[in-house]
Amino acid sequence: MEIRLLFMIPLSFLLLLLLFNDAEAQIPGFVSFDCGGNTNFTDDLGLQWTSDNQYMFGETANISVANETRKQYLTVRYFPIDNRKYCYSLDVEPRTRYLVRTTFLYGNFDNNNVYPRFDISLGPTHWSTIVISDAATIEVKELIFLATSPTISVCLSNATTGQPFISTLELRPFNGSIYYTEHETQFYLSVSARINFGAESEDPVRYPDDPFDRIWESDSLKKANYLVDVAVGTEKVSTKMPIDINRDERPPEKVMQTAVVGTKGSLTYRLNLDGFPGFGWAVSYFAEIEDLSPNDTRIFRLILPGMPEVTKAAVNIQENAQGKNRLYEPGYTNISFPFVLNFKFLKTSESSMGPLLNAMEINKYLRISDGSLDGIVLASLVSHYPFADWAREGGDPCLPVPWSWIRCNSDLQPRIVSIDLSGKNLSGNIPSELTNLPGLVELRLGGNSLTGSVPDFSGSTNLEILHLENNQLSGELPSSLMDLQNLKELYLQNNKLSGKVPPGLLNKNLIFNYTGNINLHTGGGRKTHLSIIIGASVGAAVLLIATIISYLFMRRGKKRYREEGELTSVLPAQRLAVTSLNDAGTETAHCFPFSEIEEATKKFEKKIGSGGFGVVYYGKMKDEKEIAVKVLTSNSYQGKREFSNEVTLLSRIHHRNLVQFLGYCQEESKHILVYEFMHNGTLKEHLYGPLTRERSISWLKRLEIAEDAAKGIEYLHTGCVPTIIHRDLKSSNILLDKHMRAKVSDFGLSKLEVDGASHVSSIVRGTVGYLDPEYYISQQLTDKSDVYSFGVILLELISGQEAISNESFGVNCRNIVQWAKSHIGSGDIQGIIDPLLGTEFNIQSIWKIAEKAMMCVQPHGSMRPSISEVLKEIQDAISIERESEAARDGNDLSRSTINSNMGMGSMDLGLNEPYLLLDESSAQPTAR
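Take 0 as the starting number for the sequence shown in numbering that gives the first Met the number 0 and just add one per residue.
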C-alpha cells in the first residue's frame, strides 16, 4: 500500500475539537500531538494530547521501553525511505513567537535494531539531523521562531539509515517580546541548553511551573554531551521565599528558587553545546536567595577563555536586581561559542561570598532559508486541489527536498524546472499558475481531463518540453507557442483542438505530435503531423540500433577482459572442508593454489608482520597487485577454527573501511589468508612505534583515521545481518593504505550475534588493555564490547600512549583508561595530549573526543554509546578541527577583515559559512 501524508489542520478547528471532547479548558494556543496514538488524553502535568491519527497517513507502531510509562511515548508514526518529505502543517498567528518541539523515541519500533538517521526542517529551513544512538533515549529538538505567515510546516526527510519517525510534536506560543532579537526575521533560535542550576532532583521543570512549557533540565542530570564538568566547592542552595520575576518571559519561580554557589570562590563548568560551534544567544539568570549579613558582598565576573572583554562587567546581584529575591538577567544576544564551552564565574577581590547562579539559556542562531522563488505560485496551484494526495506534501516545493512531482535547480533560492502531473485526474482549465514559471523547462500534464483552450505559456520563457496529450482541450492553438524559442517537444495528440496549426510551429526544429485532433489542420504547411511522427520514430529506431550495437560491443569487450585477466593454473573455486563454512550460505571465497602464493611472495622472502596467529609476508601477483599473505602457524583445532571463521566472515562482508579479503589457500597442511597490501602499516606503529620518529601524524589526520575505523565497525554492527562483533579491536588491527586511509583488519576472533539475543555467550578472547571488563566478568559478549575497545583506541590517538604500560602512567597505574580518567576528571586535558602534536590542534575537538572516549570505557555496556553515536562525535570534531586548520593556514576570513565590516554588537549576516563568524570584541552584554 502506498503510504501518503495528509495533514492540513486549522488550529481553531483543533481547539474546538479538544474543547468538545474534554471538559477541561485547553491552554490557549498549545498544540500537543501524540504521533501514532489513537486517543486523546490529558497527562499528569495537565497537558492535553491529541492523536494525529485522523489527520496523518503513514504507519504507526507501539513501542515498549523500560521505565517509560508516559502515554505519548508509547507510539510512533513512521514513514517510508524515499525521496519525499512528510510534513505536519500547523496554523499559527503571524507576528507571534513560538516554541516548536519534536521528540523521537526509537524503541526499536521496526524490530530491525537499525538506528535511524534523517533530517527535520521547518518549512524550507533545515533544522537538524536526527541521529538515534540509543533505542531507549528520547531525542528532543526545540526551535524558537517568529511566525511570519499563517502556517508553518515541520517536515521529515532524507533518511540515510532506518526509517524517519516521530514521537511527539508540540507548539507553544509566547507572550509579548519574549526571545525578541533584532535578527529574528533572518534567524531562528535553535535551543542548545536550558539549565536549572541547584535543582533538587533530576526531574526537569516545565508546565505548569513554567507557563510556556519550556523544559528546564536539572544540572544534576548526568546525560551525555551536556553538563560535563563542575568545579570543586560547588554547593546547592535553595529557598521557599517567592522570587520577584516581574517579566512575562521569566524563568519559572521554581527554577529561580534554587541555585549553585561557588564556596571556594568560583563556579567553573564545561558544557557541551548541541549544534555549535556557531553564533548564539546566551542569558544567565540570577537572584540572591541566600540570607547575607550586612557586611557580606557577592560580586563576581564571567570569564570565557579567549574572550577577555567579556570579563569587564561585574555582577552584583542585589545591586543589579535592586533587592533580594529579585531577578537579574544579563546576557549576550550576539556571541560566538565553540562546541565545548568552558565558562567560569569568579568572585572579585572585594567580594566576601562566592558567585551564585540560578539558571542559564543558550540558543544557536539558525539562518532562515528564503525558500524557492516559485513557492507562492505553487502554493496557489495546490490550493485548487485541496483533496488531491499530490497537493498535500507540504512545506516548500523545493527545500530541503522537492515535492515528488517537481524538480528544482540547485540555486540558493531555487526555481522549479520540471513539473509532472500526468495522470493525476486533473479537470477544468489548465491552471494559470503553470503558465508563469520563468525557470520551467518541462511541463507534463498528459492523461488528465483538462478542458478549455491551450493557454499562453509566454511567461515560461525557458520551456523546452510541453506534454498536453490525452486530455479534452479545445479551441485553436495560440500563436504565442511560436515565441517559445527553446521549445523542443510539443505533444498535443488526442484532444479536441481545432483550427489551423500556427505555421511557425511547423517550421521549428521540433518534435510535434497533434494526431487525434480531427479538426486541427496544417493549412498547407510544409510538414504534416504524420511526417513529423515518422521522423521522430526513425530517430528513436536509430537510437535503439545504436544502443544494441553498444551493448554487444561492451559485452564482447567485457568477456575478452575477463579472459585476459584470469589467473592461469587456478584450481576450481571451492569451499573449505569445514562444516561452519559449508553450512554458512555465504559467498564462495577464492582459493589460491599454494604454488601461486609461493611465486607471489618469492617463497615467503619478506616478512612484514607477526603475531599469535602466525606471520604476514609481502607479495606481488602477476598483474602487479600487491598482497599481504597471512600464514597460520598453529595447527591446533583452535587455530584452524579461527582461520575458518575469518574466511567465513570475510567472504560475506565488503566495505571500504575493512581490509579487502582476496582469498585463501588450504594446501599441504598450510592455512593461508590473502589480503590487499596496506602500504602504511598499522596505526600502532604511527602512534608509538618506529614510524613515529619519521613522521608524526597530525591531530586532524588522527581524527580522520578514527572516522574511517568507526565507519568500518559501524558496518559490522549495523550493516551486517546478523551483527558481527569484532572482539579484538586494537591499534595494531587498524591498517593504513598509501593515502593514510584506515581499514579494520583481523577477524579471526569475530563472532556473529545470534538473532534476537541481547548478547553472545563466549569464552573470553581479546587483547589485554582493550578487553571490555564487563565481558571479562560475565562472558556475555555484545557490540558494546567493541565500543569499549574503540574507546581505548581513541585515548591512544589523543595521547600517543600504549594501552598497557609499566612506565608511562606513573606509580600503581598500568592502564591507559585509569590514567586518562584521572586527568580528564580533574579537567587536565593537557596532561594526556601527545607532545608530538605540538600546538597544531583545537583544544575543543580534543575535549570532544576525550569525553566520548570516557563514555566508551564506562564499566557497564548499557552506559556506553553505540558506535554510530561515536562516529557522529568524531565527524563533529573533524568539522571543528578543519575550521581551525583553515584559520591557522589563513584560508578563513581574518578577524580584522570582519571587524572592518561590522559595527559593535552587530552580526555579519552575509557570510555563506557553515556558521556565522563574529569579532569577539563585538559581543555586547544585555541585562534586564
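Glycine residues also receive a C-beta, built at the ideal position from the N, C-alpha and C atoms.
On a predicted model such as this, the values are computed, not experimentally measured, just so you know.
Gln779 - DSSP class collapsed to helix/strand/coil
Counting from one through the sequence shown, the residue named residue 779 turns up at place 780. It is a strand residue.
Quick one: residues in its chain with C-beta nearer than 8 Å to the C-beta of Asp986, no 5 flanking neighbours on either side, listed in chain order?
Outside the modelled stretch of the chain, which goes from 0 to 927, sits residue 986, for which no answer is possible.
With a CB to CB cut of under 6 Å and the five nearest residues on each side skipped, what residues in its chain are close to Cys397?
Within the sequence shown, numbered from 1, the residue matching residue 397 stands at position 398. Contacts found: Ser371, Cys407 and Pro413.
Please report the distance separating the alpha-carbon of Ile652 from that of Asp785.
Looking up residue 652 in the sequence shown gives position 653. Looking up residue 785 in the sequence shown gives position 786. Whole-angstrom Cα-Cα distance: 17 Å.
Have a look at the DSSP bridge pairing and note the partners of Leu496.
Locating residue 496 in the sequence shown gives position 497, where the first residue counts as 1. Answer by DSSP bridge pairing, in chain order: Gly474.
Report buried or exposed for Tyr775, applying the criterion of at least 16 other Cβ atoms within 10 angstroms of its Cβ.
Indexing the sequence shown from 1 puts residue 775 at position 776. The residue in question, Tyr775, is exposed, as its Cβ has fewer than 16 Cβ neighbours within 10 Å.
Excluding five sequence neighbours on each side, which residues of the same chain lie with their C-beta closer than 7 Å to the C-beta of Met853?
Counting from one through the sequence shown, the residue named residue 853 turns up at place 854. Same-chain partners within the cutoff: Lys820 and Ile823.
With three or more C-beta pairs closer than 8 Å as the rule, is the region 425 to 438 touching the region 103 to 117?
No, because fewer than three Cβ pairs between the region 103 to 117 and the region 425 to 438 fall closer than 8 Å, the two stretches do not touch.
Do you know how far the Cα of Pro149 is from the Cα of Leu420?
Here the question's residue 420 lines up with position 421 in the sequence shown. Here the question's residue 149 lines up with position 150 in the sequence shown. Distance between the alpha carbons of Leu420 and Pro149 is about 27 Å.
Identify the continuous beta strand (DSSP E) that holds Asp707 and give its terminal residues.
The residue given as residue 707 occupies position 708 in the sequence shown. Unbroken run through Asp707 is the alpha helix (DSSP H), Trp698 to Glu713; no beta strand (DSSP E).
From the DSSP secondary-structure annotation, give me the bridge partner or partners of Glu441.
Along the sequence shown, read from residue 1 onward, the residue named residue 441 stands at position 442. Answer by DSSP bridge pairing, in chain order: Ser417 and Ile464.
Could you give the distance in angstroms between the alpha-carbon of Thr147 and the alpha-carbon of Arg94?
If you number the sequence shown from 1, residue 147 lands on position 148. If you number the sequence shown from 1, residue 94 lands on position 95. Looking at the backbone, the Cα of Thr147 and that of Arg94 are separated by about 6 Å.
Do you know offhand how far Ser870's Cα is from Ala709's?
Within the sequence shown, numbered from 1, the residue matching residue 870 stands at position 871. Within the sequence shown, numbered from 1, the residue matching residue 709 stands at position 710. Position check: residue 870 holds Leu in this sequence, whereas Ser was assumed. Roughly 6 Å separates the two Cα atoms.
Cα-Cα separation, Ile177 to Leu734:
Your numbering for residue 177 matches position 178 in the sequence shown. Your numbering for residue 734 matches position 735 in the sequence shown. Going by the C-alpha atoms only, they are around 54 Å apart.
So Asn679 and Asp736 are supposed to be a Cβ contact under 8 Å. How far apart are they, rounded?
As a position in the sequence shown, residue 679 is number 680, starting the count at 1. As a position in the sequence shown, residue 736 is number 737, starting the count at 1. Sure, about 7 Å apart at Cβ, within 8 Å.
Do Arg300 and Leu345 count as a contact pair if the criterion is CB distance below 7 Å?
Locating residue 345 in the sequence shown gives position 346, where the first residue counts as 1. Locating residue 300 in the sequence shown gives position 301, where the first residue counts as 1. Closer than 7 Å, so yes.
Measuring straight from C-alpha to C-alpha, what distance separates Ser825 and Lys263?
For this step, residue 825 is matched to residue 826 along the sequence shown. For this step, residue 263 is matched to residue 264 along the sequence shown. C-alpha separation (whole angstroms): 16 Å.
Would you give the residue range spanned by the alpha helix (DSSP H) that Tyr179 belongs to?
To locate residue 179, count along the sequence shown from 1; it is residue 180. Element bounds for Tyr179: n/a, residue is neither H nor E.
Taking C-alpha atoms, which residue in Val153, Thr68, Leu365 and Cys34 lies nearest to Thr59?
On the sequence shown, position 60 is the one that residue 59 refers to. Among Val153, Thr68, Leu365 and Cys34, the Cα nearest to that of Thr59 is on Cys34.
Which residue comes first and which comes last in the beta strand (DSSP E) that contains Val630?
The sequence position of residue 630 within the sequence shown is 631, counting from 1. Its beta strand (DSSP E) spans residues Glu625 to Leu631.
Report the three-state DSSP secondary structure of Asn362 (helix, strand or coil).
Here residue 362 is taken as the residue at index 363 of the sequence shown, counted from 1. Three-state result, Asn362: strand.
Backbone CA spacing between Asn461 and Ala387 [nearest angstrom]
Indexing the sequence shown from 1 puts residue 461 at position 462. Indexing the sequence shown from 1 puts residue 387 at position 388. Asn461 and Ala387: Cα-Cα distance of roughly 28 Å.
Glu234 by DSSP, collapsed to three states: which one?
Locating residue 234 in the sequence shown gives position 235, where the first residue counts as 1. Glu234: strand per DSSP, three-state reduction.
Taking 7 Å as the limit between beta carbons, can you name the residues of its chain near Ser50, skipping five residues before and five after?
For this step, residue 50 is matched to residue 51 along the sequence shown. Hits under 7 Å: Asp33, Gly36, Asn37, Thr38 and Asn39.
Does the region 362 to 381 come into contact with the region 313 to 320, if we say contact requires no fewer than three beta-carbon pairs (one atom in each stretch) closer than 8 Å?
Contact between the region 362 to 381 and the region 313 to 320 is absent, because fewer than three Cβ pairs lie under 8 Å.
How is the alpha helix (DSSP H) around Gly374 delimited, first residue to last?
In the sequence shown, counting from the first residue as 1, residue 374 sits at position 375. Element bounds for Gly374: Gly374 to Ser382.
Could you spell out where the beta strand (DSSP E) holding Ala387 opens and where it closes?
Within the sequence shown, numbered from 1, the residue matching residue 387 stands at position 388. Ala387 -> no beta strand (DSSP E), and no H or E assigned at all.
Would Gly197 be called buried (16 or more neighbouring beta carbons within 10 Å of its own) or exposed?
Translated into positions along the sequence shown, residue 197 becomes position 198. Gly197 comes out buried.
Kindly give me the distance between the Cβ atoms of Lys629 and Leu682, rounded to whole angstroms, as I take these residues to be in contact under 8 Å.
Along the sequence shown, read from residue 1 onward, the residue named residue 629 stands at position 630. Along the sequence shown, read from residue 1 onward, the residue named residue 682 stands at position 683. About 18 Å; that fails the 8 Å criterion.
Just reading off the alpha helix (DSSP H) that Gly503 is part of, what are its end residues?
For the purposes of this step, residue 503 is identified with residue 504 of the sequence shown, where counting begins at 1. From DSSP, the alpha helix (DSSP H) with Gly503 extends over Pro502 to Leu505.
Of all the options Ile137, Asp43 and Ser265, which has the alpha carbon lying nearest to the alpha carbon of Ile62?
In the sequence shown, the residue the question calls residue 62 occupies position 63. The residue with the shortest Cα to Cα distance from Ile62 is Ile137.
Relative to the alpha-carbon of Leu483, which residue among Leu439, Glu169, Phe78 and Asn805 has its alpha-carbon at the smallest distance?
In the sequence shown, counting from the first residue as 1, residue 483 sits at position 484. Of the candidates Leu439, Glu169, Phe78 and Asn805, the residue whose Cα lies closest to the Cα of Leu483 is Leu439.
Taking the C-alpha atoms as reference points, what is the distance between Leu648 and Thr722?
Counting from 1 along the sequence shown, the entry for residue 648 is found at position 649. Counting from 1 along the sequence shown, the entry for residue 722 is found at position 723. Their backbone Cα atoms lie some 11 Å apart in a straight line.
Exposure label - Glu880; buried when at least 16 CB within 10 Å:
Here residue 880 corresponds to residue number 881 of the sequence shown, with the count starting at 1. Counting Cβ neighbours within 10 Å, Glu880 comes out buried, since at least 16 surround it.
With three or more beta-carbon pairs closer than 8 Å as the criterion, would you say the region 272 to 282 touches the region 291 to 299?
no
Between the C-alpha atoms of Phe78 and Pro163, what's the straight-line distance to the nearest angstrom?
Position 79 of the sequence shown, counted from the start, is the residue given in the question as residue 78. Position 164 of the sequence shown, counted from the start, is the residue given in the question as residue 163. Distance between the alpha carbons of Phe78 and Pro163: 6 Å.
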